[in-house]
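Here the structure comes first, spelled out in structure tokens, and everything after it is commentary.
Residue numbers (this note's numbering), protein chains in the order written: chain V, 646 to 952; chain R, 105 to 379.
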């Protein structure tokens, strides 16, 4: 051990006064640290200003109009007072539901494949690349795609077409976040399952997916939140309707369908005070809807963990 | 998915070797890719005995253990020459299903690795895998009792397995492994992440378990091998071919290996000349 000591440089702390323990702003690094803390706090506050002003405006302008009638009545005609957007809420729920029904199982199973595939698997790399490209996909193109594949073939705007467009937008988010969540499952848990004599399928179903479920749900919620707010792809596909998405007593998926996003888009640009106020209220309802879905998802995943 | 319930309960009856050898392991060469990890290692694991593998780090003792239930299949580039006969059947024969092998030859790992689910579900995992139709509660209880954990957890079976202490987690993993009543338990340094008191508990448990199970254990703790093992194999690293290839130096009754080692390397290792 002694040779190491001999090779050491002369004491680099020579002349440093270790007796001074008091905090002092005269020390440059203390001053710098304080300054940086102030900058970080200031920037955070700055970033919060637009966020809070949007939320505040939403509650301020939208909250005034909030009433039960909004949820039960149909949109008013120009110059008509009152009315609601119950059909748009129903339409948004139906189309986001359809989109989730299509994209969540497909996305999760794709993620299982990506997470289990070996690194040199070409198909996996190509799929992952495509999913990453799709995350930045302009949403209007998803609408154009659904227009070409569903609207033109079936001959009309429909909730199905809208659902497909939204599903295309949700798929990459669900897939990529689910893959991340699956990869976060510790290798030792996988080993434990395999060591118990679990097949690959059993390992995925009984260990990987349950363990990764909170992360997967987070991804699903993100995707749902995005899909619920999309307007452009719905303009080409579901269009809008002033009526309930039903035919007789049944839900009808093959007719033009209203949605909150398109309602906001339509009403916000109208020269009628009632419609503009309704657009504000619809925006608030949309935000609250997404919030409720998010909270529900979080509660669900928390229960999953405790089990 | 799980069709082999009946098989799992009753292992196929085939004549055992007369001297009670349950796993007859003979590794001629073992590669990871082009890296030769182990050579010339023959270890007979005997029924209701504890067989310990000792040796310095990197001597391949864990690798050898993981050969015994084909856990090495998960490692890319794994290649193996030799045989591992479980009750006379070569488990590396192409007709053998490695998944089925692992149901008879269970494993406890170095790091306690309970699933992120309740204590009960952890133990019931193997029962669910095999579609066990009988009284699950009774099985879970007896497995937890078998792992000396029942009294500590009986009032919180629904709590997460991850909420337990390290030693408890490891006993939970043992309970999980014995719930399906495998014939052999492989333990890969089961105490290396535990404190001395938890270690002592696991050691006592192993001694109790050997009346029902056959145990093979890897340990870097010589005292542990001396305390619990009936027979001991000493592996050492051979660097003569350039790489670091592990091989078996000496194998025998623990008493003999520790008190009267025949080989120079064994003597040096046991007397603490290197580690």
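All C-beta atoms in this analysis are idealised placements derived from N, C-alpha and C, irrespective of residue type, glycine included. The structure displayed is predicted, hence computed values, not measured ones.
- Contacts with chain R at 8 angstroms (Cβ-Cβ) include residue 833/V.
- Counting the other Cβ atoms within 10 Å of the Cβ of residue 346/R gives fewer than 16, which makes it exposed.
- In the DSSP assignment, the residues bridged to residue 357/R are 335/R.
- Assignment of residue 794/V by DSSP, reduced to helix, strand and coil, places it in the helix class.
- In terms of CA proximity to residue 774/V, 756/V leads the group 907/V, 785/V, 788/V, 756/V.
- Taken atom to atom, the span from the alpha-carbon of residue 935/V to that of residue 869/V is near 8 angstroms.
- Per DSSP, the beta bridge partners of residue 125/R are 150/R.
- Secondary structure of residue 930/V (DSSP, three-state): helix.
- CA-CA distance, residue 171/R to residue 201/R, rounds to 14 angstroms.
- With the criterion set as a beta carbon lying under 8 angstroms from some beta carbon of chain V, the members of the region 221-233 of chain R are 221, 222, 225, 229, 230, 232, 233, in sequence order.
- Annotation for residue 132/R: 185, 186 place their beta carbon closer than 6 angstroms to its own, counting only its chain and skipping 5 residues before and after.
- Any Cβ of chain V closer than 8 angstroms to the Cβ of residue 211/R would place that residue at the interface, and such an atom is present.
- If you check each beta-carbon in the region 835-866 of chain V against every beta-carbon of chain R, the ones closer than 9 angstroms belong to 835, 836, 837, 838, 839, 840, 841, 842, 843, 844, 845, 846, 847, 850, 851, 852, 855, 856.
- By the rule that beta-carbons nearer than 8 angstroms mark a contact, residue 273/R does not touch chain V.
- When DSSP states are grouped into helix, strand and coil, residue 895/V belongs to the strand group.
- When 317/R, 352/R, 143/R, 163/R are compared, the shortest CA-CA separation from residue 337/R is found for 352/R.
- For residue 750/V, the number of other beta carbons within 10 angstroms of its own is below 16, and it is reported as exposed.
- Between the C-alpha atoms of residue 257/R and residue 783/V there is a straight-line separation of about 54 angstroms.
- Around the beta-carbon of residue 908/V, 16 or more other beta-carbon atoms lie within 10 Å, marking it buried.
- Taking 3 residues as the shortest admissible run, the region 813-842 of chain V contains no complete beta strand (DSSP E) segment at all.
- At a cut-off of 8 angstroms between beta carbons, residue 268/R makes no contact with chain V.
- In its own chain, leaving out the 5 sequence neighbours on each side, no residue places its CB closer than 7 angstroms to the CB of residue 943/V.
- Residue 946/V and residue 848/V have their C-alpha atoms roughly 20 angstroms apart.
- Taking a beta-carbon distance threshold of 8 angstroms, residue 176/R does not count as an interface residue toward chain V.
- By the Cβ criterion, the region 236-249 of chain R is not in contact with the region 292-301 of chain R, since fewer than three pairs of Cβ atoms, one from each stretch, lie closer than 8 angstroms.
- Looking at the DSSP output, residue 727/V shares a beta bridge with no other residue.
- Contact check for residue 686/V against residue 796/V fails: the beta carbons are separated by 8 angstroms or more.
- Assigned with DSSP and collapsed to three states, residue 187/R falls in strand.
- The continuous stretches of alpha helix (DSSP H) do not include residue 318/R, which lies in the beta strand (DSSP E) extending over residues 318-322.
- Within the same chain, 131, 132, 133, 134, 342, 349, 350, 351 come within 8 angstroms of residue 143/R by CB-CB distance, once the 5 residues on both sides are set aside.
- Apart from the 5 residues on each side of it in sequence, residue 788/V sits with its Cβ closer than 8 angstroms to the Cβ of 810, 877, 878, 879, 880, 881, 882 in its chain, given in chain order.
- Membership of residue 851/V in any alpha helix (DSSP H) is not indicated, and neither H nor E is assigned to it by DSSP.
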